[in-house]
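Residue numbers (the working numbering): 1 to 102.
Beta carbons: idealized from backbone N, C-alpha and C, even for Gly.
Just so we're clear, the structure is a prediction, and the values are computed from it rather than from any experiment.
Remarks on the structure that follows.
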């Protein structure tokens, strides 16, 4: 298992939450775990996880401990970016950041 720390910020308050995923899990699988009990596909797509201020693609693999920043997108934007990630499988575009581990 690998620990992934997600940093949240809302109205001046900051906190982190750690999630455990299997080594080799995708960022998409992490997002699904984040909303597992009551979340919908729209909820998953509305989550953007970033590193260094750039989106980490849904297809990127989590191989070691990492820290990501949480951003919430409007449902339409989240669906568009999820589709872009799916079509770019394995190729990080200029506005994407490959996952860097600790």
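Pull up the DSSP beta-bridge partners for residue 48, would you. Counting from one through the chain shown, the residue named residue 48 turns up at place 48. DSSP output for residue 48 lists 71 as bridge partner(s).
Beta-bridge pairing of residue 61 - partner residues as DSSP gives them: Within the chain shown, numbered from 1, the residue matching residue 61 stands at position 61. Answer is 26, bridged to residue 61.
Beta-carbon within less than 6 Å of residue 7's beta-carbon, same chain only, minus the 5 sequence neighbours each way: which residues are those? Your numbering for residue 7 matches position 7 in the chain shown. Beyond the five residues adjoining it in sequence on each side, residue 7 comes within less than 6 Å, by CB distance, of 16, 69 in the same chain, given in chain order.
Beta-carbon gap between residue 5 and residue 18 smaller than 8 Å: Walking along the chain shown from the start, residue 5 turns up at place 5. Walking along the chain shown from the start, residue 18 turns up at place 18. Yes, these two residues count as a Cβ contact at 8 Å.
Spatial distance of residue 1 from residue 13 (CA atoms): Position 1 of the chain shown holds residue 1. Position 13 of the chain shown holds residue 13. If you take the alpha carbons of residue 1 and residue 13, they lie about 29 Å apart.
Residue closest to residue 52, alpha-carbon to alpha-carbon, out of 59, 67, 86: If you number the chain shown from 1, residue 52 lands on position 52. For the residues 59, 67, 86, the minimum Cα distance to residue 52 belongs to 67.
Which of the three DSSP states is assigned to residue 88 in this structure? The count along the chain shown starts at 1 and reaches residue 88 at position 88. Three-state DSSP puts residue 88 in coil, outside helix and strand.
Residue 46, buried or exposed, once every other Cβ within 10 Å from all chains shown has been counted against 16: Numbered from 1 along the chain shown, position 46 holds the residue referred to as residue 46. Result: buried.
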